[in-house]
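Enquirer:
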Amino acid sequence: MRVLAALLATTLLAAGETAPTQPADVPGFVPPAADEHPRLFFRPADVARLRERAQTPEGQAILKRLRATLDGGDGTTFPSVLQTQKAAYENKDGRPLPLGAFSISHAAGYGFLYQLTGEQRYADLGRKCFEVAWSGVRDRDHLARYSWVKPGGALRAGPSLGWMALGYDLCHGGWDETFRKQVAQAIQNYDQGRFCTLPELARGARHSPEINHWGPQVGGAALALLAIHGDAGTDPGKTGALLQDSLVAMQRQIDEGWSSSGAYAQSDGAGCITTDNAYLPALQAWRTAGGKDFITASPIVHWMTLK
């Protein structure tokens with residue numbers, strides 16, 4: 028199957044496809060300062076506008092849904108339902124836990140409410156998400172594949188790390204310096220076994236761009252690296268070098284996995300998996316936090332969003 032996928036990708040690129048397009052520099056981009064947050068999807072100057080938009084009918088509907096996903100109610104408490112499976116695939120007959128059960132994106136959800144309201148309780152809830160995830164509690168996923176601790180392979184490790192890193196980005200201003208450093212170092216030193224280390228995820232060491240496991244790996248690692256680069260407690264030399272690996276991997280997904288008309292080498296459904304849970308968000312983060320615009324530079328990316 029992997030050989031067939033590689034041959035299909037080669038055929039697609041040989042059939043008159045456009046030459047690879049490197050990401051464009053974002054005009055007027057100013058890199059985030061050390062410990063400047065938020066930075067991944069919006070910058071501090073954008074918060075006031077987001078708060079205004081949150082008051083519109085559409086904004087209120089989005090926030091109502093967000094709060095329900097956090098605790099099943101108004102989003103002001105920690106989830107009462109936690110995953111009981113201790114390992115990925117432990118219960119193959121499992122069912123997804125109910126709306127409001129703990130997930131790998133809860134820290135990001137509470138962090139977004141912290142940004143919109145400025146209320147300390149949401150940053151505190153985001154902190155608790157890290158502490159619970161570090162203790163080994165897994166995502167509400169029916170097969171318990173997503174988790175900070177021993178995720179179900181590189182495909183799940185990338186998004187698990189990336190969405191927790193978004194929680195760090197959004198909650199950062201509400202945490203004390205010691206905990207900020209603790210989280211930043213935990214992200215930088217992430218290591219959950221072979222293919223599930225930050226360096227391996229950043230370069231896509233497991234599989235290759237025409238395999239649907241690739242995008243979640245490199246996308247999640249990009250979110251993580253962009254979130255912590257330059258912050259107190261991190262090694263900017265290490266994260267800077269990994270960001271260069273990330274740039275290469277992000278571009279390879281475009282050039283080697285897709286045709287210019289939006290066909291993914293492994294299949295249409297696989298194209299959804301490789302993009303939707305970390306890769307497309309990472310493209311946005313690269314533009315906002317990294318000053319590199321893959322989105323307008325390549326028509327292939329426009330097709331990706333339809334998956």
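Residue numbers (the numbering used here): 28 to 334.
Heads up, the beta-carbon is just placed ideally off N, CA and C, and yes, glycines get one too.
For clarity, every value in this text was computed on a predicted model and none was experimentally measured.
If the criterion is Cβ atoms closer than 8 Å, does the pair T301 and G289 meet it?
Expert: Within the sequence shown, numbered from 1, the residue matching residue 301 stands at position 274. Within the sequence shown, numbered from 1, the residue matching residue 289 stands at position 262. Contact: no.
Enquirer: Over what stretch of residues does the alpha helix (DSSP H) that includes F69 continue unbroken?
Expert: As a working mapping, residue 69 is identified with position 42 in the sequence shown. Premise fails: F69 is in no alpha helix (DSSP H) and is neither H nor E.
Enquirer: When you compare the CB positions of C198 and G102, do they come within less than 8 Å of one another, or not?
Expert: As a working mapping, residue 198 is identified with position 171 in the sequence shown. As a working mapping, residue 102 is identified with position 75 in the sequence shown. No.
Enquirer: Just to check my reading of the structure: R70 and T315 have Cβ atoms closer than 8 Å, yes? What is that Cβ distance to the nearest angstrom?
Expert: Your numbering for residue 70 matches position 43 in the sequence shown. Your numbering for residue 315 matches position 288 in the sequence shown. That belief holds up - the Cβ atoms of R70 and T315 are roughly 7 Å apart, short of 8 Å.
Enquirer: Jot down the residue ranges of each uninterrupted alpha helix (DSSP H) in the region 49–103, minimum 4 residues, whole runs only, in chain order.
Expert: You should have 74–80 and 84–98.
Enquirer: For L270, count neighbouring Cβ atoms within 10 angstroms of its own Cβ and tell me buried if that reaches 16, exposed if not.
Expert: Here the question's residue 270 lines up with position 243 in the sequence shown. Buried, because 16 or more other Cβ atoms sit within 10 Å of the Cβ of L270.
Enquirer: Which residue marks the beginning of the alpha helix (DSSP H) containing K208, and which one marks its end?
Expert: Working through the sequence shown from its first residue, we reach residue 208 at position 181. Start and end: E204 to Q215.
Enquirer: Please state the DSSP three-state secondary structure of T111.
Expert: On the sequence shown, residue 111 is found 84 positions in, with the first residue counted as 1. If DSSP states are grouped into helix, strand and coil, T111 belongs with coil.
Enquirer: Using C-beta distances below 8 Å, list every residue in its chain close to A259, excluding the 5 sequence neighbours before and after it, in chain order.
Expert: The count along the sequence shown starts at 1 and reaches residue 259 at position 232. Excluding residues within five positions, the ones whose Cβ falls inside 8 Å are A61, D62, E204, R207, K208 and A211.
Enquirer: Should R76 go down as buried or exposed, given a rule of 16 or more other Cβ atoms within 10 Å for buried?
Expert: Here the question's residue 76 lines up with position 49 in the sequence shown. Looking at its Cβ environment, which holds fewer than 16 other Cβ atoms inside 10 Å, R76 is exposed.
Enquirer: Are there 16 or more other CB atoms within 10 angstroms of the CB of Y116, so buried, or fewer, so exposed?
Expert: For the purposes of this step, residue 116 is identified with residue 89 of the sequence shown, where counting begins at 1. With fewer than 16 other Cβ atoms within 10 Å, it is exposed.
Enquirer: For P186, which residues of its own chain have a beta-carbon under 6 Å away from its beta-carbon, when the five flanking residues on both sides are left out?
Expert: Here residue 186 refers to the residue found at position 159 when the sequence shown is read from its first residue. Only P243, G247, N304 and A305 meet the Cβ criterion.
Enquirer: Would you mind reading off the limits of the alpha helix (DSSP H) that contains P308?
Expert: Residue mapping note: residue 308 aligns to position 281 of the sequence shown, counting from 1. Counting along the chain, the alpha helix (DSSP H) containing P308 begins and ends at Y306 to G317.
Enquirer: Using a 10 Å radius around the Cβ and a threshold of 16 neighbouring Cβ atoms, would you call S273 buried or exposed?
Expert: Along the sequence shown, one-based indexing puts residue 273 at 246. By the neighbour-count rule (16 or more Cβ atoms within 10 Å), S273 is buried.
Enquirer: Nearest CA to the CA of V159: which residue from Q311, V275, W175 and G264?
Expert: Here residue 159 is taken as the residue at index 132 of the sequence shown, counted from 1. The shortest C-alpha separation from V159 is found at W175.
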